[in-house]
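Engineer:
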Amino acid sequence: MDDLTEMLKGTLEGCVLEIIGGEETYGYAITRQLNELGFADVVEGTVYTILLRLERNGLVQVTKRPSGVGPPRKFYALNDAGREELAKFWAKWQYVSSRIDRLKEGGR
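The sequence shown runs 1 to 108 under our numbering.
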(Lines of atoms letter the chains of each structure in order from A and count residues from 1; the text may use other names and numbers.)
(Lines give C-alpha, C1' and ligand atoms only; values in the text may rest on other atoms or scores of the structure.)
Protein backbone atom coordinates (compact mmCIF):
# COMPACT_ATOMS: atom_id res chain seq x y z
CA MET A 1 0.00 0.00 0.00
CA ASP A 2 2.41 2.62 -1.22
CA ASP A 3 -0.15 5.43 -1.20
CA LEU A 4 -1.29 4.80 2.38
CA THR A 5 0.79 7.71 3.67
CA GLU A 6 -1.08 10.11 1.39
CA MET A 7 -4.45 8.77 2.53
CA LEU A 8 -3.43 9.05 6.18
CA LYS A 9 -2.53 12.74 5.98
CA GLY A 10 -6.12 13.86 6.41
CA THR A 11 -6.95 11.43 9.19
CA LEU A 12 -3.83 11.08 11.32
CA GLU A 13 -4.59 14.15 13.43
CA GLY A 14 -7.96 12.62 14.34
CA CYS A 15 -6.25 9.35 15.25
CA VAL A 16 -3.85 11.21 17.56
CA LEU A 17 -6.77 13.09 19.14
CA GLU A 18 -8.51 9.76 19.77
CA ILE A 19 -5.44 8.30 21.47
CA ILE A 20 -4.99 11.39 23.65
CA GLY A 21 -8.71 11.33 24.43
CA GLY A 22 -8.35 7.86 25.92
CA GLU A 23 -5.73 8.86 28.47
CA GLU A 24 -3.04 11.44 29.11
CA THR A 25 0.01 10.37 27.15
CA TYR A 26 3.24 11.52 25.49
CA GLY A 27 4.62 11.57 21.94
CA TYR A 28 6.63 8.37 21.87
CA ALA A 29 3.77 6.38 23.41
CA ILE A 30 1.38 7.76 20.77
CA THR A 31 3.77 6.75 17.98
CA ARG A 32 4.18 3.28 19.49
CA GLN A 33 0.40 2.82 19.79
CA LEU A 34 -0.15 3.88 16.17
CA ASN A 35 2.57 1.46 15.06
CA GLU A 36 0.97 -1.36 17.08
CA LEU A 37 -2.36 -0.60 15.40
CA GLY A 38 -0.72 -1.20 12.02
CA PHE A 39 0.29 2.34 11.08
CA ALA A 40 3.89 1.21 10.57
CA ASP A 41 4.83 4.20 8.39
CA VAL A 42 4.05 6.72 11.13
CA VAL A 43 7.24 8.04 12.72
CA GLU A 44 7.86 10.17 15.80
CA GLY A 45 8.59 13.30 13.76
CA THR A 46 5.13 13.14 12.21
CA VAL A 47 3.46 12.68 15.59
CA TYR A 48 5.43 15.53 17.18
CA THR A 49 4.44 17.85 14.32
CA ILE A 50 0.78 16.99 14.96
CA LEU A 51 1.20 17.48 18.72
CA LEU A 52 2.73 20.93 18.18
CA ARG A 53 -0.20 21.87 15.93
CA LEU A 54 -2.72 20.60 18.49
CA GLU A 55 -0.97 22.59 21.20
CA ARG A 56 -0.80 25.74 19.04
CA ASN A 57 -4.51 25.40 18.21
CA GLY A 58 -5.43 25.11 21.89
CA LEU A 59 -6.83 21.57 21.67
CA VAL A 60 -4.66 19.94 24.34
CA GLN A 61 -3.46 20.59 27.84
CA VAL A 62 0.28 20.02 28.20
CA THR A 63 1.99 19.01 31.43
CA LYS A 64 5.76 18.56 31.75
CA ARG A 65 6.92 15.74 34.02
CA PRO A 66 10.35 14.33 34.84
CA SER A 67 11.14 11.38 32.61
CA GLY A 68 13.74 9.70 34.77
CA VAL A 69 16.07 9.75 31.78
CA GLY A 70 16.88 13.00 30.01
CA PRO A 71 14.68 16.08 29.75
CA PRO A 72 11.13 16.26 31.13
CA ARG A 73 8.38 14.63 29.07
CA LYS A 74 5.43 16.56 27.73
CA PHE A 75 2.17 14.78 28.54
CA TYR A 76 -0.89 15.65 26.48
CA ALA A 77 -4.55 15.52 27.49
CA LEU A 78 -7.58 16.75 25.58
CA ASN A 79 -9.27 19.88 26.83
CA ASP A 80 -12.88 20.83 26.01
CA ALA A 81 -11.90 22.28 22.62
CA GLY A 82 -9.96 19.09 21.83
CA ARG A 83 -12.93 16.89 22.73
CA GLU A 84 -15.13 19.03 20.49
CA GLU A 85 -12.63 18.73 17.64
CA LEU A 86 -12.49 14.95 18.14
CA ALA A 87 -16.30 14.74 17.94
CA LYS A 88 -16.18 16.74 14.68
CA PHE A 89 -13.52 14.40 13.32
CA TRP A 90 -15.66 11.32 13.98
CA ALA A 91 -18.75 12.99 12.48
CA LYS A 92 -16.78 13.80 9.31
CA TRP A 93 -15.32 10.28 9.27
CA GLN A 94 -18.80 8.76 9.52
CA TYR A 95 -20.07 11.01 6.73
CA VAL A 96 -17.23 10.14 4.34
CA SER A 97 -16.98 6.43 5.19
CA SER A 98 -20.72 5.87 4.79
CA ARG A 99 -20.61 7.38 1.30
CA ILE A 100 -17.54 5.37 0.34
CA ASP A 101 -19.29 2.22 1.55
CA ARG A 102 -22.33 3.11 -0.57
CA LEU A 103 -20.11 3.70 -3.58
CA LYS A 104 -18.36 0.38 -3.02
CA GLU A 105 -21.74 -1.35 -2.90
CA GLY A 106 -22.57 0.01 -6.34
CA GLY A 107 -24.16 3.29 -5.31
CA ARG A 108 -27.14 1.67 -3.61
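Using N, Cα and C, we set each Cβ at its ideal position, and we do this for glycine too.
Quick caveat: nothing in here was measured; it's all calculated off a predicted structure.
1. Using the rule of at least 16 other Cβ atoms within 10 Å of the residue's Cβ for burial, across every protein chain shown, is residue 26 buried or exposed?
2. Let me know the secondary structure DSSP gives residue 89 once reduced to three states.
3. Give me, in chain order, the residues of the same chain whose beta-carbon lies closer than 8 Å to that of residue 78; leave out the 5 immediate sequence neighbours on both sides.
4. Does DSSP put residue 104 in a helix, in a strand, or in coil?
5. Between the C-alpha atoms of residue 6 and residue 14, what's the straight-line distance to the nearest angstrom?
6. DSSP three-state label for residue 77, please.
7. Pull up the CB-CB distance for residue 42 and residue 12, whole angstroms please, since I reckon it's below 8 Å.
Structural biologist: Working from what's here:
1. Position 26 of the sequence shown holds residue 26. Per the 10 Å Cβ criterion, buried.
2. Taking the sequence shown and counting its residues from 1, one reaches residue 89 at position 89. Looking at residue 89 - three-state DSSP - the assignment turns out to be helix.
3. Here the question's residue 78 lines up with position 78 in the sequence shown. Counting only Cβ-Cβ distances below 8 Å, and skipping sequence neighbours, we find 17, 20, 21, 59, 60, 61 and 86.
4. Position 104 of the sequence shown holds residue 104. DSSP places residue 104 in helix when its eight states are reduced to three.
5. Here residue 6 refers to the residue found at position 6 when the sequence shown is read from its first residue. Here residue 14 refers to the residue found at position 14 when the sequence shown is read from its first residue. Residue 6 and residue 14: Cα-Cα distance of roughly 15 Å.
6. In the sequence shown, the residue the question calls residue 77 occupies position 77. Three-state DSSP puts residue 77 in a strand.
7. Here residue 42 refers to the residue found at position 42 of the sequence shown. Here residue 12 refers to the residue found at position 12 of the sequence shown. The Cβ separation is near 7 Å, so the contact holds.
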